[in-house]
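Residue numbers (the working numbering): 51 to 914.
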Amino acid sequence: MLNSKRINRPKASRHYVVVAHGIGDQKLNTTIPSVVQRFAEVRQKHSKNTYEFVIPASLSSQSVRSETEKLGWSEFRGIPVRLDDLKEDFDGAPPTKTAGENFRFVEMHWQDILQRHQEDFASDLEVWSKAMLDRLQDKAITPEGWLPRWAEPMLDSIARVAVPLKKMLAFKFSPQVKYVANDYMGDVHLYGDYARTRGESVRHFHATLTKLMFYDFLDWRKRELQVSRLNHEALHAEPYQKPEITVIAHSLGSIMCFDALVYAHAKREVREASSESIEFVSSFPFFGYRQPSKEENGVWGKHVGQLERFVKDVDGRLIEMAVYDFIKKHFSDIFEMLDACLRRNGFSEERIDNERTSLFQLLRGEHLVDQWRKAGDNAVIERIANALETQKTPDQDDIIKFAKQACVKDDVALGERIRAIFDGIKNDPLIFAQEIYKNFRDFRDSYWDSFLKGFSVTDCEREDCDRAQFFVQEDTKEPPKINSAVSSSIPFLLWKNCVRNFITIGSPIDKYIALWRQNYKHLGLYKEYDKNFGIGQYDFPSDSDDKIKHYNFCDEQDPVGHHLDMSRKTDVYGHIFSNPEKSDIVYQRYGVPGLAHNMYWEDDDLFKGILEQIIDDSESSVDLTSKEFRLKKNAKKQGFLWAYFRIPLMVSLITSLLITYSMNSMFNKHMFSGVLWLLITLYLWVTPGFSKFFMQRRNPENINKSTLRIFLENLFSKGLFSLLLSVAVKWRRILVVQAEGPKGVCENDNIYLRIQTHEDKLVWVQFLGRWLARFVGAALLLAWLGWLTGSYLPRNSIVNTGWEGLISVLRLWFSEQPIFPYNLFGNLVTNITVFFGLSALVIYLSVLLWELIYFFYIRKTLRT
Numbered sequence: 051m052l053n054s055k056r057i058n059r060p061k062a063s064r065h066y067v068v069v070a071h072g073i074g075d076q077k078l079n080t081t082i083p084s085v086v087q088r089f090a091e092v093r094q095k096h097s098k099n100t101y102e103f104v105i106p107a108s109l110s111s112q113s114v115r116s117e118t119e120k121l122g123w124s125e126f127r128g129i130p131v132r133l134d135d136l137k138e139d140f141d142g143a144p145p146t147k148t149a150g151e152n153f154r155f156v157e158m159h160w161q162d163i164l165q166r167h168q169e170d171f172a173s174d175l176e177v178w179s180k181a182m183l184d185r186l187q188d189k190a191i192t193p194e195g196w197l198p199r200w201a202e203p204m205l206d207s208i209a210r211v212a213v214p215l216k217k218m219l220a221f222k223f224s225p226q227v228k229y230v231a232n233d234y235m236g237d238v239h240l241y242g243d244y245a246r247t248r249g250e251s252v253r254h255f256h257a258t259l260t261k262l263m264f265y266d267f268l269d270w271r272k273r274e275l276q277v278s279r280l281n282h283e284a285l286h287a288e289p290y291q292k293p294e295i296t297v298i299a300h301s302l303g304s305i306m307c308f309d310a311l312v313y314a315h316a317k318r319e320v321r322e323a324s325s326e327s328i329e330f331v332s333s334f335p336f337f338g339y340r341q342p343s344k345e346e347n348g349v350w351g352k353h354v355g356q357l358e359r360f361v362k363d364v365d366g367r368l369i370e371m372a373v374y375d376f377i378k379k380h381f382s383d384i385f386e387m388l389d390a391c392l393r394r395n396g397f398s399e400e401r402i403d404n405e406r407t408s409l410f411q412l413l414r415g416e417h418l419v420d421q422w423r424k425a426g427d428n429a430v431i432e433r434i435a436n437a438l439e440t441q442k443t444p445d446q447d448d449i450i451k452f453a454k455q456a457c458v459k460d461d462v463a464l465g466e467r468i469r470a471i472f473d474g475i476k477n478d479p480l481i482f483a484q485e486i487y488k489n490f491r492d493f494r495d496s497y498w499d500s501f502l503k504g505f506s507v508t509d510c511e512r513e514d515c516d517r518a519q520f521f522v523q524e525d526t527k528e529p530p531k532i533n534s535a536v537s538s539s540i541p542f543l544l545w546k547n548c549v550r551n552f553i554t555i556g557s558p559i560d561k562y563i564a565l566w567r568q569n570y571k572h573l574g575l576y577k578e579y580d581k582n583f584g585i586g587q588y589d590f591p592s593d594s595d596d597k598i599k600h601y602n603f604c605d606e607q608d609p610v611g612h613h614l615d616m617s618r619k620t621d622v623y624g625h626i627f628s629n630p631e632k633s634d635i636v637y638q639r640y641g642v643p644g645l646a647h648n649m650y651w652e653d654d655d656l657f658k659g660i661l662e663q664i665i666d667d668s669e670s671s672v673d674l675t676s677k678e679f680r681l682k683k684n685a686k687k688q689g690f691l692w693a694y695f696r697i698p699l700m701v702s703l704i705t706s707l708l709i710t711y712s713m714n715s716m717f718n719k720h721m722f723s724g725v726l727w728l729l730i731t732l733y734l735w736v737t738p739g740f741s742k743f744f745m746q747r748r749n750p751e752n753i754n755k756s757t758l759r760i761f762l763e764n765l766f767s768k769g770l771f772s773l774l775l776s777v778a779v780k781w782r783r784i785l786v787v788q789a790e791g792p793k794g795v796c797e798n799d800n801i802y803l804r805i806q807t808h809e810d811k812l813v814w815v816q817f818l819g820r821w822l823a824r825f826v827g828a829a830l831l832l833a834w835l836g837w838l839t840g841s842y843l844p845r846n847s848i849v850n851t852g853w854e855g856l857i858s859v860l861r862l863w864f865s866e867q868p869i870f871p872y873n874l875f876g877n878l879v880t881n882i883t884v885f886f887g888l889s890a891l892v893i894y895l896s897v898l899l900w901e902l903i904y905f906f907y908i909r910k911t912l913r914t
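Written as structure tokens, this is what we have:
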């Protein structure tokens, strides 16, 4: 085979980026395209959002290996692991000659587990939220002082707002409400309440990375084989070097990955134990971990087939080497004659290598290899001898053709030497066959003896752990086989010491530890709460360098994630994870409450810092710990606006519109519709409590209360608008409390970078002043414009003048002549504004006053 360019051997710089999605109905590879594009922009040194063409199908084309095996890696040229290796542009295509030198992206897709369990085991939002609140408030279950200050207000706001909102919207938008309230948010409670969801998800994580390691190892060896063939080099099994792994986990995926990384350090006998076992203390072992999935059962048979095919390919290459070595050894003078001739004529090393290949073909070496392959294991030496005996002597035309191609002109000695070779083979082919076969056995023994070097074949430190052997190799000079027990065993953790970085974004790890304490006793939460914790259930890394570096990022307006105050203080955390300096960062960058939870993927600066500062461990133009990165002035302002002003403004404007419509209906003698709209407006603020009354009437605890008293106590409850206003401020205060940490003081140290939020208490003064200034300024501007254009219009009122003046000016701007229909439209707008504007102002100011009172009330409540 002619060779145009030499191919590099596999490198040790392989790096896998494993991305885990959170809640939601994600399809395969829908989370990871943004990560690929952000990494590409950093490596190619392009501006923000340069690449937006990577779609899930682009990744699935590489990662999906079959219908039952969908979780492989995707690799793109132009995103090298080492910046010094940048040789190609990023175009969304897979690499060829640089394969293995670029980041390999893997999506930890586990939505199928959540969906399967959702159908059979999930509860409605109102059921599980109430059950959790009751459990947390029961002092017999939850020790006093255990819950953080934000826990009960957060759950209470969900129960008081999300549940009523769900019931109100279900009449019109039932499918959508069911999807969001039950399916989407149901993932949250399933992972905490249904133990098998966590166990199966953790096993899925372990099995996926184990499969990844097997493919990586086989890919390393296949690369060596390809290099040997393409470069015409000897095949050697160099010591395998394991790759590095970075896990980037979002939302619910972060707690799943956290659980998986912790459970990977549990002893094998813990992971092998039945979930009903009483041998181990705390919350070990995980339910559902021991049972393999359907995909996992089918994968190992394919692995066996892949290994067997690879063994055949290796034997074929070793045969080629043996034949080539035989020809080179006995007829080296021919190759020396060729080399000397080519060098005299100034040919390059690449051309010389190609001509040596042509000479090998001329000597019928390839024909001999083909005959040997057909021999199989039956009478190999005899078949070799037969192949040699039937070998054709090159005719004169072949020699002349090669001589001209190789620049060997009229070299009679070369032709005679080639004929002499085959005359010798025909006289005694068996001697040559035995020599070739011996060379083959020597090559084969050496290769398989070193095949597994660098690969951890066992998942157990004891010598008697035969069940923990991934490969079985009874004779080190023979190819290994995959242990048949693998398919029925728990996953082999071949990757455990390869995870270098664990990066969580929008992570609820602390929330799960706080709210589902019973699931995390194995962490050694706090000695005063869990006295039976057993540290001996773990196999921790012996070297501190093997600890996983954990970085946590969260935006202040993300309601799901925040700091990891509780998890970092557990007994187990420090044995598995390291705490790099300033690694737990909450920042203000996105501003929009709720939506901030999904805005990390488009944050170029965040991923630039992650790639350069964390993965590359080098200097970066983005300092993730700097105030310039963490504290965006507009984001901070947007957070205040949404919590204290925009939601009240929208509520007041809608209320004003309804009141205006009701008043107009009454003035136009449509009394029924006017009263109806007024009642609807009232219902949005205050709702009758009839259903609650009947429920409380049947409550055995109220058996001694009179019906009138129960009726008066449950006569009214907050309506939708009242709930929205209260929850906006309450959630803002919850975020403040989370930022302050367990001590209630915003103190930073060498790990945490907290948000300073105490100025919330006077923020209303600043924004109310700005709002009044803008309102007065706008009114004066309209009045002035109306006065300037008043010669065209009747002046009925200052509001009329303002609106008609603005419209006239706009008309003059576009056509330079006022037209009557625009004056008519101005009067129409004025009539609406008289009712709408005044009522909006009154109601909005009332809302601001109400918000202010509630603001200080809830602040005091949270403080106590």
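Just so it is clear, CB atoms sit at the ideal spot from N, CA and C, and this is done for glycine as well.
Under the three-state reduction of DSSP, which class applies to residue i: helix, strand or coil?
i, result
"M616", "coil"
"I328", "coil"
"K296", "Here residue 296 turns out to be Thr, not Lys, going by the sequence shown. Here T296 sits in strand by DSSP."
"L109", "helix"
"T260", "helix"
"I555", "strand"
"T851", "Residue confidence is low: T851 scores 47 on pLDDT, short of 50, so the model does not pin down where it sits. Its coordinate-derived value is still stated next. T851: helix per DSSP, three-state reduction."
"H720", "coil"
"V68", "strand"
"S628", "strand"
"Q568", "helix"
"G690", "Here residue 690 is Phe; the residue named in the question, Gly, does not match the sequence. F690 falls in the helix class under three-state DSSP."
"K768", "strand"
"Y894", "Summary for Y894: the model assigns pLDDT 49, below 50, so the residue's position carries little reliability; its value from the coordinates is reported in the next sentence. If DSSP states are grouped into helix, strand and coil, Y894 belongs with the helices."
"I532", "strand"
Compute the Euclidean distance between the alpha carbons of residue i and residue j, then round it to the nearest angstrom.
i, j, result
"R512", "I305", "With a pLDDT of 47 at R512, under the threshold of 50, the predicted position of this residue should be treated as unreliable, and no value is reported."
"I775", "R782", "Reading off the sequence, residue 775 comes out as Leu, not Ile. So the two alpha carbons sit approximately 11 angstroms from each other."
"R271", "S496", "14 angstroms"
"D525", "N99", "55 angstroms"
"I36", "V364", "The question about residue 36 has no answer here: the residues shown for the chain are numbered 51 through 914."
"K658", "S670", "8 angstroms"
"H96", "Y733", "54 angstroms"
Within its chain, find whatever has a CB closer than 6 angstroms to the CB of residue i; leave out the 5 residues flanking it on each side and keep chain order.
i, result
"L259", "W545"
"A299", "A70, C307, T554"
"A257", "E346, P541"
"I191", "R185"
"I552", "Note on residue identity: the sequence assigns Phe, not Ile, to residue 552. Excluding positions up to five away in sequence, the list reads V297, I598, H600."
Can you find the residues in the same chain that come closer than 8 angstroms, C-beta to C-beta, to residue i, ignoring five residues on each side of it along the sequence?
i, result
"W123", "Y66, Q112, S113, R154, F155, V156, L262, Y265"
"D134", "none"
Tell me the DSSP bridge mates of residue i?
i, result
"Y588", "A316"
"S124", "F155"
"Q638", "L681"
"L803", "I635"
"N602", "T554, D634"
"E119", "S116"
Among the options, which one has its Cα closest to the Cα of residue i?
i, options, result
"A535", "N347, H720, F376", "N347"
"N152", "R185, G236, S63, F103", "S63"
"F766", "Q587, G128, R253, W735", "W735"
"R273", "D589, P530, P60, S592", "P60"
"P529", "Q356, I559, A685", "Q356"
"I917", "I208, K292, D596, S539", "Residue coverage of the chain in this structure runs from 51 to 914, which leaves residue 917 outside it and unanswerable."
"N633", "I801, D139, D75, A778", "Per the sequence shown, residue 633 should be read as Ser rather than Asn. S633 has its Cα closest to that of I801, out of I801, D139, D75, A778."
"A789", "G72, V610, Y290", "V610"
In chain order, what residues of the same chain lie with their CB nearer than 7 angstroms to the CB of residue i, ignoring the 5 residues before and after it?
i, result
"R115", "G122"
"S333", "Q568, N569, Y570, K571, H572"
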